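Heads up, the thing below is written out as structure tokens.
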Amino acid sequence: MSSSFPQDPPDARGRDTGSGNQRGSEGYNLAAERVERALARLEASLRGLNGRVRSIARIEADVQRLEEDRAALASELSRSSSKAKKLDATASEVSRRLVNAMETVNNVLADEEQK
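For the sequence shown, position 62 matches number 61 in numbering that gives the first Met the number 0, and the numbering has no gaps at all.
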């Protein structure tokens, strides 16, 4: 005897979807669970990405500070080099004058001995 109720059509894969509300709610529950798992994976991925972004921001801030420190050290090195060159020039001048003074003293002493 044939039923007067229409039969449920097969799903896209040709499987019988069965009849009744129970399979529908079961399918809904499975789909909801899959969505929840997908959302959980997405949230975990976002947390990881957020952590990496914060890490990159800290690294960029550190690089900025290092660049500022490098610029300050380069400026200080330039000033120190300039000062060292002036000190070398002054030391050379003092040395030259000392040699002249010693030669003068030696000449005066030599003149005194000859008299």
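We treat Cβ as the ideally placed atom computed from N, Cα and C, and that holds for glycine. Fair warning: this is a prediction, and the values are worked out from it, not measured in the lab.
Q: Output yes if chain B places a C-beta closer than 8 angstroms to the C-beta of Ala37; else output no.
A: Absence of chain B from the displayed structure is noted, only one protein chain being present.
(Q) For Arg51 and Ala43, I'd like the C-alpha separation in whole angstroms. (A) Indexing the sequence shown from 1 puts residue 51 at position 52. Indexing the sequence shown from 1 puts residue 43 at position 44. Their Cα atoms are separated by approximately 12 angstroms.
Q | Whole-angstrom distance between Val34 and Asn22, CA atom to CA atom | A | Residue numbering aside, residue 22 sits at position 23 when the sequence shown is read from its first letter. Residue numbering aside, residue 34 sits at position 35 when the sequence shown is read from its first letter. Note on identity: in this sequence residue 22 is Arg, with Asn being the wrong assignment. The straight-line gap from Cα to Cα measures roughly 18 angstroms.
Q. Out of curiosity, what's the CA-to-CA distance linking Ala73 and Gln63?
A. Counting from 1 along the sequence shown, the entry for residue 73 is found at position 74. Counting from 1 along the sequence shown, the entry for residue 63 is found at position 64. Rounded to the nearest angstrom, the two C-alpha atoms are 15 angstroms apart.
Q.
Measuring straight from C-alpha to C-alpha, what distance separates Val104 and Val93?
A. Locating residue 104 in the sequence shown gives position 105, where the first residue counts as 1. Locating residue 93 in the sequence shown gives position 94, where the first residue counts as 1. Val104 and Val93: Cα-Cα distance of roughly 16 angstroms.
Q. Roughly how many whole angstroms lie between the Cα atoms of Leu48 and Asp87?
A. Taking the first residue of the sequence shown as position 1, residue 48 is located at position 49. Taking the first residue of the sequence shown as position 1, residue 87 is located at position 88. Roughly 57 angstroms separates the two Cα atoms.
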